[in-house]
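In our numbering, the protein residues as written are 121 to 723. For each residue, glycine too, the CB sits at the ideal point set by N, CA and C. Remember, predicted model here, so these are calculated numbers, not experimental data.
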C-alpha cells in the first residue's frame, strides 16, 4: 500500500478525485443512526450494506466497468453519451440517450451544490466535541462553515495549481488517520468483522422490508463521490485512480468498521467519527478536527473543479451557452476557472446551508441526485455492453442497475424532508439546457449560409476591384463550405477586404482528446482556410495553433446573432446569446483584435 501511495500520480489522485467519497465517513453512520436503533443486528446490517455498496457500485460499476469503456482514459456522463451515440449511429434511441445524458449532467450539478455544503458543515460541527465548546450554537457553526465556503470559492480565481501539490499528501494523512483510529476501535470489538458477510445485508433488508428503504436512503451517502471520481478520470487517466481506490477502499472500511464497533460499545453519539476519535486520541482531537476541515475543503475543491470540467464539456458539445473561461495554470490548460459558475455555485451553497442549518438536516436532501446520476450511468453501461454483446457484463449490469434504482427509489422517501432540493437544483440547468438546445435548432432553421461556390464567385470579383487593407484577417465560420452570412455582409455589403483573408472553422469531434489543424492555402487569391478539429474535452489553444502555421492576424471577425421574436422561449434564448461572451473569447484570443458583426434573425 505504501509503495502505491508514493507514486506521484496516485498521490495526486487522492487529492483531486477521492475527496468527496473520502470524507463520507464523517457523516454517513451518524445520519443512518438517526432512523435506526443501534443494536447489534442493525449495526451488523448497515456495515454489511456499506461494504457491499462500496464494492458493487464503486469497485465493480465504476472502477472495473465504466473506467474500461473509454478508449483514452476519459470518463463522465457526456463521455458515455458520445460513446453510445457513436455505437447507435442513426438509431431512434439516440435522442433518448442524449436526454438521459442531459438529466445526468443536471443531477451532477445539483450534487455539486450539496456536496460542499454537507462536507464543510459536518466537519465544522466537530467543534462541539472540543472541551469548552460543547454549547457552540448552530448559528456560530453555520457562520464558520459559510466563511470557509466563501474563502474557498473566492480563491478559485487565482487557480489551485500553486497549492494542489499539497492536496494529495493532506488526503493521504487523512486516510491514514481514519484507518488507524478505525483499527484501534476495531480491536476492542473484533467480531464486527463478521459484518462483511453479505448475509447480514440480506438479513437486514428481509427483516425490515419496505422500512429498509429509509435506511438505504442514508446508506447511499457512503458512495457519494463515485460519479465524480469517474468524471475526473480524464485529468489523471485510469491507472492512478484504480490504484488509489485500492488504497482508499480499505481505509474507508476500517473507519466504518471502527465506527460500528464504537457504537456497539458506547451507543449512538451524534457524529460517530468525531466521538470515536475523541475517545481514542484525546488531546490529539483538535489536530484531527483541523485535518477533517482541510479534507472537506479539498473534497469541495474537487467537486468545484469537476463542475468546471463538466460545464466545459457541455459547452464544447453545444448543450449550454458559452461562458468566459480563464486558464489558471501556465503549464496545465485543463486547469480552468469559470467566473459565472463559481459565484452561482457559491450562492447556491450558502442558500442550502442557510435552509438546512445542519449536516443532519442536509442528509435528508443529499443522495437523490447521486442515486439518479449513478442509475443513468448504469443504464448507459448496460446498453453499451448489450450492443457489444458481452453477455457476462450485461448480466452484472442488470444487477447493478437494479441496485442503483433501489437506492434511487429509497431516496424518493426523503422528498418530504428536503430531497426535493436535489430536483430543484437540477431543474434550473435542465431548463437552461433545453431552451438553449431548442433555440440552436430553431436558429439553424432560419440561418441562411452562403453556398461556397456563390461566395467564391463574388469574392473573385470583389478582390480584383477594391482597395485591400494590409495584413491578415480571420473570419470564424462553422463550415467553410457554407459561409456564415456575416462574412458576406463584411465583404459584399461593406466592401471590407484584407490582403490575406482566412476562414477559420473549429470543429468539435465525437472523440474526447486530440487536436489537429489543416491550413488550406490558395482557395482563391488572398483567401485561405484554417480548419481545427478537436476532441470535446480538449482546451484548444487557437492562437498557438495559428502561430505554428506562421499566421499573425491583424483583425478577428466573428458573428453575433441578434434574435428577434414575439415568443417568450426564443426571447429567453436571445437573452442567453446576449449574456454569453463572444465565441472568440471562449478561446482566449486577443481582445484588442476582435470585432463582432451583428446579424439579425427573426424566430
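Subject >> Local conformation of residue 722 per DSSP, three classes >> reply: If DSSP states are grouped into helix, strand and coil, residue 722 belongs with the strands.
Subject >> Endpoints, alpha helix (DSSP H) assigned at residue 347 >> reply: Start and end: 346–351.
Subject >> Residues of its chain near residue 390, where Cβ-Cβ distance is below 7 Å and the 5 sequence neighbours each way are ignored >> reply: 150.
**OP:** Name the residue from 711, 719, 129 and 236 whose alpha carbon lies nearest to the alpha carbon of residue 267.
**Re:** Selection 711, 719, 129 and 236 evaluated against residue 267 yields 236 as nearest (Cα-Cα).
Original post:
Going by the CB atoms, is the gap between residue 249 and residue 394 shorter than 7 Å?
Top reply: Between residue 394 and residue 249, the gap from beta carbon to beta carbon is short of 7 Å.
**OP:** Look at the Cβ atom of residue 500, then the Cβ atom of residue 524, and state whether they are nearer than 7 Å.
**Re:** Cβ distance not < 7 Å, so residue 500 and residue 524 don't count as in contact.
**OP:** Using the Cα positions of residue 664 and residue 431, report the straight-line distance between them to the nearest angstrom.
**Re:** 24 Å
Original post:
Per DSSP, residue 571 forms a beta bridge with which residues?
Top reply: 602
Subject >> Supposed close pair residue 381, residue 479 - CB separation, criterion 8 Å >> reply: Actually they are not in contact, since the Cβ atoms of residue 381 and residue 479 sit about 22 Å apart, beyond 8 Å.
Original post:
What is the C-beta distance between residue 715 and residue 680, in whole angstroms, given that I count them as a contact (C-beta under 8 Å)?
Top reply: In fact, because the Cβ distance is near 10 Å, the residues do not count as touching under 8 Å.
Subject >> Straight-line Cα distance separating residue 366 from residue 470 >> reply: 34 Å
Original post:
Who are the Cβ neighbours of residue 401 in its own chain at under 8 Å, not counting the five residues just before and after it?
Top reply: 301 and 408
**OP:** Taking 8 Å as the threshold, find out whether the segment 417–424 comes into contact with the segment 217–235 through three or more Cβ pairs.
**Re:** yes
Subject >> Among 590, 633 and 576, nearest to residue 607 - alpha-carbon criterion >> reply: 576
Subject >> Contacts around residue 227, its chain only, beta-carbon distance under 6 Å, and the 5 residues preceding and following it disregarded >> reply: 489, 492, 493 and 546
**OP:** Please list the segments of the alpha helix (DSSP H) lying wholly inside the segment 444–504, counting only runs of 4 or more residues, in order along the chain.
**Re:** 459–476 and 479–483
**OP:** Taking residue 644 as part of the beta strand (DSSP E), name the residues at either end of that continuous run.
**Re:** 635–644
Original post:
Which word fits residue 482, buried or exposed, when buried means at least 16 other C-beta atoms lie within 10 angstroms of its C-beta?
Top reply: buried
Original post:
Using the rule of at least 16 other Cβ atoms within 10 Å of the residue's Cβ for burial, across every protein chain shown, is residue 122 buried or exposed?
Top reply: A caution first: residue 122 carries a pLDDT of 45, below 50, which makes its placement in the model too unreliable to give a value.
Original post:
Can we say the segment 652–663 touches the segment 620–639, given the rule of at least three CB pairs closer than 8 Å?
Top reply: Cβ pair count under 8 Å is three or more, so yes.
Original post:
DSSP state of residue 592, grouped into three classes?
Top reply: Strand, per DSSP.
**OP:** Could you tell me the boundaries of the beta strand (DSSP E) in which residue 434 lies?
**Re:** From DSSP, residue 434 is part of no beta strand (DSSP E) but of the alpha helix (DSSP H) over 405–436.
Original post:
Mapping DSSP to helix, strand and coil, what is residue 621?
Top reply: In this structure, residue 621 counts as strand in the three-state DSSP scheme.
**OP:** Name the one or two DSSP bridge partners that residue 629 has.
**Re:** Looking at the DSSP assignment, residue 629 forms a beta bridge with 655.
**OP:** Going by CA-CA distance only, name the one from 273, 610, 579 and 442 that's closest to residue 464.
**Re:** 273
**OP:** With a threshold of 16 other CB atoms inside 10 Å of the CB of residue 347, please say whether the residue is buried or exposed.
**Re:** Here residue 347 is buried: its Cβ has 16 or more other Cβ atoms, across all protein chains shown, within 10 Å.
Subject >> Beta-bridge pairing of residue 681 - partner residues as DSSP gives them >> reply: 719
**OP:** Give every residue of the same chain whose Cβ lies closer than 8 Å to the Cβ of residue 591, excluding the five residues on either side of it in the sequence, and list them in chain order.
**Re:** So the qualifying residues of the chain are 618, 619, 620, 673, 674 and 675.
**OP:** Could you name the residues of the same chain whose beta carbon sits closer than 8 Å to that of residue 615, not counting the 5 residues immediately before and after it, in chain order?
**Re:** 582 and 586
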